[in-house]
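Please read the structure below before turning to the comments.
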Amino acid sequence: MEITHFADKSFSPPIRYSLAHPLPDLSRYSVSVFKNKNPGQVNSVRQIRQRSYCSASGSDTLVTKSRKEDGKHRGIVGNGKKEDEFGDLKSWMHKNGLPPCKVVLKERPSHNGDHKPIHYVAASEDLQIGDVAFSVPNSLVVTLERVLGNETIAELLTTNKLSELACLALYLMYEKKQGKKSFWYPYIRGLDRQRGRGQLAVESPLLWSESELSYLTGSPTKAEVLERAEGIKREYNELDTVWFMAGSLFQQYPFDIPTEAFPFEIFKQAFVAVQSCVVHLQKVSLPRRFALVPLGPPLLAYRSNCKAMLTAVDDAIQLVVDRPYKAGDSIVVWCGPQSNSKLLLNYGFVDEDNSYDRLIIEAALNTEDPQYQDKRMVAQRNGKLSVQNFHVYAGKEREAVSDMLPYLRLGYVSDPSEMQSVISSQGPVCPVSPCMERAVLDQLANYFKTRLAGYPTTLAEDESLLADGNLNPKKRVATRLVRLEKKMLHSCLQTTNDLINELPDHTISPCPAPYAPLLK
3 MEITHFADKS FSPPIRYSLA HPLPDLSRYS VSVFKNKNPG QVNSVRQIRQ
53 RSYCSASGSD TLVTKSRKED GKHRGIVGNG KKEDEFGDLK SWMHKNGLPP
103 CKVVLKERPS HNGDHKPIHY VAASEDLQIG DVAFSVPNSL VVTLERVLGN
153 ETIAELLTTN KLSELACLAL YLMYEKKQGK KSFWYPYIRG LDRQRGRGQL
203 AVESPLLWSE SELSYLTGSP TKAEVLERAE GIKREYNELD TVWFMAGSLF
253 QQYPFDIPTE AFPFEIFKQA FVAVQSCVVH LQKVSLPRRF ALVPLGPPLL
303 AYRSNCKAML TAVDDAIQLV VDRPYKAGDS IVVWCGPQSN SKLLLNYGFV
353 DEDNSYDRLI IEAALNTEDP QYQDKRMVAQ RNGKLSVQNF HVYAGKEREA
403 VSDMLPYLRL GYVSDPSEMQ SVISSQGPVC PVSPCMERAV LDQLANYFKT
453 RLAGYPTTLA EDESLLADGN LNPKKRVATR LVRLEKKMLH SCLQTTNDLI
503 NELPDHTISP CPAPYAPLLK
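All the letters of the sequence shown, read from the start, carry residue numbers 3 to 522 under my numbering.
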């Protein structure tokens, strides 16, 4: 199981969120480029099936409910009592082919008293490394191949950039409208119950209000949230493509075409929910690579230092644990090599011990530079691009600064004879004068200072906020994220200042640089 990001076709493993109040990249959005080739067909269908959005705003859509609204479904999980005539999720799964397993569903309270407790998967007995916790048969797994019933159509949709998440979200929304007639009713109800919350009870910032997004001011994550929201909107505008390309799927639904049946906000909630709990399977065909697995996310908790993943084995999806568990312990899985910004965006949490956490610094050669083409050639020869992203990993800030310096020095070369020397040399070494080195380090130090100044709070203020036990959960997780970002930036700044202090002559002024590289 691994995370996927839809902005650049990379995603992440699944783990938390509901269809009723959604929630990874993982990640990134692939946006449909389909165009309706027959607009008249759309219009005629809309005229025949003219309905108002209120038909999609009732209990048959993926919307959140209060404890009062769905109190009739309340029940104790894991003690044998039924929540209603359908029983709990695990009972439904056993009834439909789930073999005996070594897990049980438990619950923990939500931070919001109006919301139901959060369910999670726990060990039902002591487990050892290598034990199979559960094995879910493919008949209980939702994939694009199953949804569309045609592998060719599934590949066509995904090849043409209509994301798997959009198709899966649309399918579950229509199934939700079927109510208790749907085979998937117990599973969808379980997703609804989670309300797009992960095991830390916080929704993805994709569902935060504008004022709540201000908690992320200064962090590049805020722009990522807005960018991904735009991607979801583009997906929504292309939903009718699925209806016309996979007509056999929707013949069973006596409802409107997608954009008539569901307002954008409902689709956004469903999309984010699916994003948070979809599993990225390895070594399977394209139409099966994204799967919704009952007992998988959002019921499992993510850990960056965990190596257990949901994997496809024969006719099932199974989880083999990577650590011992005592009966009652929450089961964890790996979320893939994701930064904390992606974990927050996809799943609503931040991992303090995330060895994959990183910041991105974009450096670019100045295109106005008369020697731009020569510098671009030298950069490419040394494995860099004219616009290069440098990754700053937590705990490895000094290495990141050292990796950036040769690239920045190249950008500062101005003398044509020096440039010819660089071109004829082997390796990334540039002739460095004391004033050039000071100019390079000053630019880097000012860059880190500017980024730190973009945050409305200091590290000390962040620590004070986090010490407040009553801090709003969304503000808490956002503060944890920006605090970790600031720590990396402070470390980079300290490293740069140390290098400045190591210069032999501090009286030398920085060289003028009319075509200095650009940092952002």
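A virtual CB, placed ideally from N, CA and C, is assigned to each residue, including glycine.
Going by DSSP in three states, ILE510 sits in which element: helix, strand or coil?
It is coil, neither helix nor strand.
Three or more beta-carbon pairs under 8 Å between the region 391-410 and the region 467-485, yes or no?
Taking 8 Å as the limit for Cβ pairs, the verdict is that the region 467-485 does not touch the region 391-410.
In the DSSP assignment, find the unbroken alpha helix (DSSP H) run with LYS224 in it and report its ends.
Residues 222-239.
Which residues in the same chain as ASP317 place their Cβ atom closer than 7 Å to its Cβ, once the five residues preceding and following it in sequence are excluded?
Closer than 7 Å at Cβ, skipping near neighbours: PRO139 and ASN140.
State buried or exposed for THR145, treating a residue as buried only when at least 16 other CB atoms are found within 10 Å of its CB.
Under this definition THR145 is a buried residue.
Whole angstroms are fine: how far does the CA of LYS488 sit from the CA of HIS393?
So the two alpha carbons sit approximately 15 Å from each other.
By a C-beta neighbour count over all protein chains shown, 10 Å radius and 16 as the cutoff for buried, is HIS96 buried or exposed?
Exposed, by the Cβ-count rule.
From the DSSP secondary-structure annotation, give me the bridge partner or partners of VAL281.
In DSSP, VAL281 forms a bridge with ALA293.
How many Å lie between ALA314 and LEU301 at the Cα?
Taking the straight line from one Cα to the other gives about 18 Å.
What would DSSP say about TRP245, mapped onto helix, strand or coil?
If DSSP states are grouped into helix, strand and coil, TRP245 belongs with the helices.
Do GLY192 and GLY456 have their beta-carbon atoms positioned less than 7 Å apart in this structure?
For GLY456 and GLY192, no; Cβs fall outside 7 Å.
Kindly list the residues whose CB is nearer than 6 Å to the CB of VAL389, restricted to its own chain and excluding five residues on each side of it in sequence; keep chain order.
The answer, listed in chain order, is ALA366.
Can you name the residues that DSSP bridges to SER137?
BP columns for SER137 point to GLN320.
State the DSSP-derived secondary structure class of SER61, mapped to helix, strand or coil.
Caution applies to SER61, whose pLDDT of 38 falls short of 50 and renders its modelled position unreliable; the value that the coordinates give is listed next. Coil, per DSSP.
Examine the Cβ distances between the region 277-295 and the region 338-357 and report whether three or more of them are shorter than 8 Å.
Result yes; three or more Cβ-Cβ pairs closer than 8 Å.
Excluding the 5 residues preceding and the 5 following LEU107 in the sequence, name in chain order all residues of the same chain whose CB lies nearer than 8 Å to its CB.
Cβ neighbours of LEU107 beyond the five flanking positions: VAL79, GLY80, ASP90, LEU91, LYS92, HIS121, TYR122, VAL123, ALA124 and LEU301.
If you drop the 5 nearest sequence neighbours on each side, which residues of the same chain put their C-beta closer than 7 Å to that of ASN111?
The identity of residue 111 in the sequence shown is Pro, whereas the question assumes Asn. Counting only Cβ-Cβ distances below 7 Å, and skipping sequence neighbours, we find PRO119.
Thinking just about the alpha-carbon of each residue, which of VAL442, LYS285, THR223 and LYS270 is nearest to the one in ASP359?
For ASP359, the nearest C-alpha among the options comes from THR223.
As a quick exercise: from LEU208, SER416, ILE319 and GLN373, pick the residue whose alpha carbon is nearest that of SER435.
Checked all of LEU208, SER416, ILE319 and GLN373; the closest Cα to SER435 is SER416.
Give me the Cα-Cα distance between PRO299 and TYR414, rounded to the nearest whole angstrom.
Taking the straight line from one Cα to the other gives about 49 Å.
If you pair each beta-carbon of the region 488-505 with each one of the region 396-407, do three or more pairs fall below 8 Å?
Because the criterion of three Cβ pairs below 8 Å is met, the region 488-505 and the region 396-407 touch.
Per DSSP, PHE392 forms a beta bridge with which residues?
BP columns for PHE392 point to ILE363.
Considering only residues of the same chain and omitting the five flanking positions on each side of ARG290, which have a CB-CB separation below 6 Å?
Counting only Cβ-Cβ distances below 6 Å, and skipping sequence neighbours, we find THR145 and GLU147.
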